Structure formats: C-alpha cells, structure tokens
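Down below is the structure, laid out as structure tokens.
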Amino acid sequence: MAKTSPRQRKTTGRVMHEYKHGELKSGRGGKGGKVKSRKQAIAIALHEAGASKYDTKSRRKKSFAKSKRKEARGQTYQQEREGKSHVGARGRRESSRAMGGENATRTTRRGKSRSSRPRSTRRRSS
C-alpha cells in the first residue's frame, strides 16, 4: 500500500480520537452501536481515510470523498461534541454564511478575512 497523504492521516487521527472518547459508532448511521474493539476502530479509520488495502481503488476514493464531505460540513461525532466547524478548527466555530452567521471572523493564513467584499456591500442574512 502506498504512503498515506497528510489529509488521510488527519482523517485516521480523527476517527481514532472518536474511538478513544467513546464516540465512534459502527454501521450505517451509527445504528450498530459503539465500537469497543481497537482493531475494528483501526479498520474503520483506514476505510474512512481511503487507505484500506481491502478496498478497491474506486471504493477508496469514494469513501475518502465521503469522509471529507462529512468533515467539511462539521457532521463528525468529534465536531458535534466539541462544537467545531471543521477538523483542525481551534476550539471555536467560524461565523461564515454556511454556519448561519453573516461573515467569517477567522482570518486566513495571509491575514486577510475570508470574505472578499467590503463590509458595507455585504447582504444581510434574514
């Protein structure tokens, strides 16, 4: 198996974090109950990260894309419990349009705010 990418390692770490905190569930929609076996948690982590050698290439791409979408929407158990908007957020939610706020308060790496339009021309959300 090829070396995993940093994004895959992040996803694997997130799943193992959920397992350690008793948040990882198996089955579709978590209906299978909490995962108690470390081996099963590792298998789920590799599957979600698209790094499992037991899946085909197309299946790996599909499952990794699905977990990336889940992380981007903030719908992982870790994000829901800790109140974070995305994996890697530093303890607070962003105030973006997607999160229901008017605009983003967090700045990007370059120090510019996420919204490109000046404050006066932004539309009000109702």
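Be aware that the sequence shown starts at 357, since it is given in our numbering, and climbs by one per residue. Glycine is no exception: its CB is placed at the ideal position from the N, C-alpha and C atoms. Remember, predicted model here, so these are calculated numbers, not experimental data.
Bounding residues of the alpha helix (DSSP H) (the contiguous stretch that carries residue i)
i	result
residue 402	394–404
residue 361	Careful: residue 361 lies outside any alpha helix (DSSP H) and carries neither H nor E.
residue 436	433–438
residue 417	413–429
Residue i and residue j closer than 8 Å at C-beta
i	j	result
residue 406	residue 364	yes
residue 388	residue 395	no
residue 379	residue 434	yes
Buried/exposed call for residue i, threshold 16 Cβ in 10 Å
i	result
residue 361	exposed
residue 410	exposed
residue 427	buried
residue 415	exposed
residue 412	exposed
Counting beta carbon pairs with one atom in the segment 363–378 and one in the segment 393–407, are three or more of them shorter than 8 Å? Cβ pair count under 8 Å is three or more, so yes.
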